[in-house]
Structures are given as C-alpha cells and as structure tokens.
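Residues 1499 to 2208, numbered by the numbering used here, are exactly what the sequence shown covers, in order.
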Amino acid sequence: MVDLTLPIEKLKNVGAKNLPRLNKLGIKTVRDLLWHFPAKYDDYSRIVAIGDLEPDQRANIQGEVVKINVRRIFPRRLTIIDAIIQDDSGGIKAVWFNQPYIANALPEGTRVSLAGTVKLDKHGLYLSSPTYEKIHGDENYYSYNLTHTQGLVPVYPETEGITSKYLRFLIKPLLEEVAVPDPLPEDVRNRNGFLELRDALHKVHYPSILEESDRAKERLAFDDLLLFQIKALLERRKINQLKSLPVRFDKELITDFIAKLPFELTKDQKVAAWEILKDLEKSYPMNRLLEGDVGSGKTVVALIAAVQAAQAGYQTVFMAPTEVLAHQHFQTIQNLARHTGIQVGLLTAGTARSTTGETKKTDLKKQIASGRVKIVIGTHALIQKGVSFDELALVVIDEQHRFGVRQRAALVKDASKPSVPHLLSMTATPIPRTLALTIYGDLDISLIKEKPKNRQKIITKIVPPSGRQESHQFIRSQVKEGRQVFVICPRIELADPDKEVRSAGPQRKLNVLWADMKAVQEEYKKLSELVFPDLKVAMLHGKMKPKEKTQIMDRFKEGFIDILVSTSVVEVGVDVPNATIMMIENADRFGLAQLHQFRGRIGRGEHQSTCLLFTSTAEKSINQRLKALTDTDDGFILAEKDMAIRGPGEFFGSQQSGLPDLAMAALANVELIKKARAEARTMLKQDPNLVQYPLIKQQLLRFQSLVHFE
C-alpha cells in the first residue's frame, strides 16, 4: 500500500520535468495529490450513438477506427491526424493537430472510446481534438472502466504542463493502492451520516452520479471545519488559562460618562458596552470581537471600556491599521474624553502627540512608561518601538489584524508581570453571526446593528456612462454649497497580472501600491484638469509618506480641499461630516461589502449625503451587486447577498486564509458548521488532549501551519 506522506517524486510517473509544475499546484505528497479535488466534471455518463450526434454537443462515443491518415502542411509546420470512427449507427471524423503519435497509437481496427465536442463544417460533423482511450478485449463496449472518456470525468485545477488528463493518470490508480486511515471515529460518522474517508475520496474524484460527489465533498469539508473548530476552542482554552488585570465595573462612573456624551447611545451600543465591561471584571483575558456596520459607533463603545480601565489606574492601547486612522481615533477619543481629565497619547512612526499638543517621542514614551498617559493610540509599530507600559489592561484592535497571545505578550514587556491584557477586536465588515463564530471561533462576539439616531439615509445612485455629465454637474453644485467629495478609484490592471499574483511579500505589495498610485494619478489628472478645473482637487495613495497622507487628510477635514481622490487600499476612514458625496469609479469592479464600506464614509453630518456608483456598462446590463446596494443600507443583509453572489472564497479571501477550497465553500453551509462545532466541543470535553484521536491531533498540527484568518 502507498503511504499518504510519500513524496510525489517517488511515484514512477512523476519525472523531474513535472515535479516543479506539480509543486506549483501545491502538490508535494500523495496526500496533496489525492486532496487536489476536481473543479468540475465533464458528463460522459451516456454513450451516444454516432448517428445521433448533434453540433456543439459534448459526447462520448465508442467504435472502431476504420481509417486513419496523417497530413503535414509544411509552410505552417502543422500536422493533422484524420480518423474515421464507426459504430453500428454510422461514422464520424475525428481530427487532432500536431500529435502524430496518435496514428501509431490508434491503427485501423482499434476499438476506441472518444470524448469531446462535436463540430460542424461544410464537410459535415466531426470531433475536434477529442480525448481518446483504447478498448481492449472482447467484452461489450459498455462494460469498460475507462478513466478519461466515460462517466463523470473529473476536470482539475491545472497549470502550464499539468493537464487534467495527466492528473487523472496519476490519481485513479492511487485511489486503489493508497492506505487511507480515517481520523473520524465511527460513531461521529454514523451520527452525522458521513461517508468513510476512503469512500469519500473515491466518490469526489470518480462519482457515479453528481449526488455522490456532493456527499463526498460534505464529508471532506467537514474534516477541515472540524479541525478549524478544534483549533479555535484550543486557542480559547489557552487564553482562559492566562491571567489578566481584573477591572471592576463602576456603574456611577460609566453612567456619568455616557450622560455627558454629545449624542445618545443606541440600544446595541449599550448592550455591547455592558458585555465588554463584564468581561473586563474577569481575571482571565477578554477575547471579544465587536462587529458593527460602518458608522455604527464602535469607537465610543471601546472608549467606555478604556475610561473604566483608566479610572481604575490602568492603561489602554488603541491600535489602528494606518496612521491616518490612528490620527482619527486620537481626535475622536480626545474630544469625547476631554472632560474626564484622562491623558491621551498618539504614537506612530511619524507622530508623537499628547493631550497637551505635539511632543517628542522620547518624552511621550516616558509618560507612557510612568503610567501618566492612560490611553495610547498608534499603529502596530507600538509593539516594536521600545514602548513600555506601567499597567496595561486593555488592547483595542481596529480592523484588519487578528491579535494573538504572542503580540499581547510583546506589549507587556516586563517579564515580572504575569498578566496579559484584555483584547477587544473591532471590525466594520458585517459577517453573519454563525459564520463569524466559525472564522473567529476563539472570540466572543458583540454586534452593533443599529445606526446612531438622527442619521440620515444615504441616497445611492447607479450612474451609467450616459449619466456622468449630469452627476458631475450635481457634484459641482454641492461643492458650491460648501460640501466635499470623496472619489475612490479601483486598482488598475498591472502590465503582468500573473507576475503580481506570483510575487510574494514586499514585492507583491509594492506592485499593488504602484498600480494603485497610477490609477489615482490618472483620475486626479482627469478631474483636476478636465472635469473640475475650477475646484480644489487632491489625491491620496499608498506610495505617499505617512506624514503626507496625514497632512492631506487634515486639509480635507479642515475644508481646504473640495475633492479627494483616493485608492481603495488606503484607509479613508476619517470622519469628515462635511463630506457628503462618495463617487466610486468603475463600481462594478468592487465587491458589495467593500462598496458598502466606502459608502459609510459619508452621511455622518447634518446634510443629505449621496453615493454615486459610476459604471462602465449601460444601464440595462448593471450587475446585481450594485442593485442590491441601492435597495438596502443594512451591512449584514448586504454581506449575505455578497457571499451568495461571489461565494465564501471571494468574500473571506481564500488566498489569504489558507483554508482549503472545500472548507471555504462550506462556510456557506451553516448546518455543517454547527455539526463541526458540536463535535469539536464533544471531543475536547471527553478528551482535552485528543489522546484518543491521534490522527486528528496529527492533522491539527498540519492544519495550524496552513490556516490564518487575519
């Protein structure tokens, strides 16, 4: 029997030429090969009589080669193989190009099975470059167990030099020869109606009917979802064993702080704040995700927790993904907490600022180390910049970053302090709750669905090419009334998109930034010189220095810039109440969730706001995503629609997560997620160290190195 861990170079049909190509597909072991699942199936489950063939039909025929001929067209260096295949109902021509060996492989008198597309020309019907297999022996045609031309034939993800036919050639014999131990206990399989692993592998590659493949995929996806859930529960257990500074809830303090806010909290905000404050009282670390729609007021909820920590003598860190957003948090938090007397500091690569104004970085670091500054706002640079804290009780992470135990420990650099801070992660990407529990299974979740009171609904319009001029006039009229405009550009195509995809790390990021900059520069030039030469237009992109970005955003916020042209990559989450128009170029290139995020940047002031979705297509061909955006402003409804339209892989970013394709697709299967979660809980309850499940434990180690939702 062949072992799953066997390197593929040990297989007799994998040579030095194909090894790097298979590696490119992520195939390095027999296991990788067998878990390289079909993307689709060609249906050749019915053998069609030659006399019944029709043009453009994909069909499987079986018959005898009654004539075969090789023609060479020298000026074009082209070799054409013509064969006539005949069965009891008639004959048809099959044509192959530049494959002269076929004439030797299929001499006249050979019985053959062909699969391919039927074409029609002036000479009649013919098969163009069909896949072929020889039929040996004297048995009836219909009884042969063929690999490439009969039944549901798997079509695999391919790469240059590696075809589906070659992959079938490798995979089919292995299915009979490989040892496949099943990590899932029999009682779990029976309870959930799952196939055995060996059976599932057979049926995912070579199902008799499509329903068999669906059952197989469900079992294989469950395996990965189960590992995902076990991983999340073990992370939670690890965190619960750590110590944190308990922060006592002071009802009088919090009631007074909320009463002095310049706005009324929504019910969702109050519930979320209560859940966070109760978590802070515990002696083990809080691990909570605060999930709220754009503009739902997550920052003030986090600030309530920070105020509670500060009054108890402890410190809080707010970490933002960009300097621009860090500056926004500093301004917002400083304004809302001004009456409390709590010292607030901003520390980024380019700035050091405190409640009293600009300061030196060294001075601010001293104030943080002494505990004088109670709320510290910055980017991830805070971890690496030699900053030390007096008593750090809470870390708040805004968007884009998962923050683990190791990063928390890095903030508490004093080894004599046994505690790690409580963690609150905030995201404005609405995710249906069940799916959030899967992806962020190690976190508790608080939801803010309500919008702040007195918030006007944003008018959203789709603008086809014919409506551009009218929209430009509308923008000009709004600017004349004192309003401001955001313009978002989609990423332009790179000269070599394959190169961008293949590039990794810093080089890929650089390629993306250059492409984004070019897109913004072109849009800026067009708007400032041709469309709005009379208005003040500025641009913002990822190649700018942090200080430049901050200066531009400050000038925009202060009203010195009418129109700000920005990339989709640069975070433009600055709260500018006077910006009432969001104009999105080529809106059909963005996903629904992203469009909704952009729209949420406006509608924060007293004036009516409008989101203009510019498209490059005529009105009648506008896609469903854009129409959904005009129908609702509920981010959670839009998130579900977005996932239904694009699939979970696009929605969550399968390239970034490392989650296998089947498990990624299964994120839309809520029932399967629930089953995986229930079984993971049961297993860990009965056997906390998975001693009785050695195969699952082994797979978990491999899985943990692959999967990372960040």
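Idealized CB from N, CA, C, for every residue including glycine.
Residue i (DSSP reduced to helix, strand or coil)
i     : result
Q2154 : Caution applies to Q2154, whose pLDDT of 42 falls short of 50 and renders its modelled position unreliable; the model cannot decide the point.
K1859 : helix
P1598 : coil
M1499 : coil
R1851 : strand
P1518 : helix
S1543 : coil
F2096 : helix
L1695 : helix
E2069 : Any reading at E2069 must be qualified, since the residue scores a pLDDT of 49, below 50, and its modelled position is unreliable; the value itself is stated next. Reduced to three states, the DSSP call for E2069 is coil.
T2108 : strand
D1619 : strand
M2051 : helix
Q1982 : strand
K2103 : The sequence given here has Gly at residue 2103, not Lys. Reduced to three states, the DSSP call for G2103 is coil.
D1685 : helix
G1876 : strand
Environment of residue i [buried if 16+ CB atoms lie within 10 Å]
i     : result
G1876 : buried
F1761 : exposed
A1537 : exposed
S2064 : buried
N1785 : buried
S1964 : exposed
Q2154 : Because Q2154 sits at a pLDDT of 42, beneath the cut-off of 50, its placement in the model cannot be relied upon, and the point is left open.
D1619 : exposed
L1576 : exposed
M1499 : exposed
A1757 : exposed
G1884 : exposed
I1571 : exposed
Q1648 : buried
Cut-off 8 Å between Cβ atoms - residues of its own chain near residue i, not counting five sequence neighbours on either side
i     : result
F2201 : D1722, L1725, F1726 and K1729
G1659 : K1515, N1516 and R1519
I1548 : I1559, G1561, I1583, Q1584, D1585, S1587, G1588, G1589 and I1590
L2025 : V1985, V2035, I2061 and V2063
V1805 : L1751, I1752, F1755, A1835, T1838 and I1840
Q1982 : F2054, G2057, I2059, D2060, I2061, L2062, V2074, N2076, A2077, T2078 and I2079
T1527 : L1502, T1503, L1504, P1505 and I1506
A1993 : The predicted position of A1993 is uncertain, since its pLDDT is 40 and thus under 50; no value can be drawn from it.
T2113 : I1960, V1961, P1962, P1963, N2084, A2085, D2086, I2120 and L2124
I1802 : I1752, F1755, I1756, A1771, I1774 and L1775
E2046 : none
N1833 : none
Residues near residue i by beta carbon distance below 6 Å, same chain, minus five either side
i     : result
L1787 : S1923, Y1938, L1941 and I1943
H1700 : L1673
T2128 : T1958
Y2022 : M2037 and V2063
L1509 : none
A1926 : V1792
N1738 : Y1782
K2173 : N1690
Q1865 : V1871
Bridge-paired residues (DSSP) for residue i
i     : result
K1538 : V1653
G1790 : I1946
A1557 : G1614
Y1630 : L1612
G1588 : D1585
R1870 : The partner list for R1870 (beta bridge, DSSP) is empty, contrary to what the question assumes.
S1505 : Reading off the sequence shown, one finds Pro at residue 1505, where the question assumed Ser. P1505 pairs with T1527.
K1565 : I1582
G2057 : None, per the DSSP bridge assignment.
Y1624 : K1591 and K1617
V2035 : I2061
G2133 : According to DSSP, which records beta bridges pairwise, G2133 is partnered with nothing at all.
L1676 : A quick correction: the sequence has Val, not Leu, at residue 1676. BP columns for V1676 point to V1500.
Same chain, Cβ closer than 7 Å to residue i, five either side skipped, listed in chain order
i     : result
E2177 : V1686 and L1724
Within-9 Å CB hit, residue i to chain C
i     : result
V1985 : Any reference to chain C falls outside this structure, which holds one protein chain only.
ask   = What residue ranges within the region 1700-1779 form continuous alpha helix (DSSP H) runs of no fewer than 4 residues, ordered along the chain?
value = 1708-1738, 1749-1757 and 1765-1778
Runs of beta strand (DSSP E) lying entirely within the region 1945-1979, each at least 3 residues, in chain order = Qualifying beta strand (DSSP E) stretches, in chain order: 1957-1961.
query = What alpha helix (DSSP H) runs, 4 residues minimum, are completely inside the region 1779-1834?
reply = Fully contained in the region 1779-1834 are the following alpha helix (DSSP H) runs of length 4 or more, in chain order: 1796-1809 and 1821-1834.
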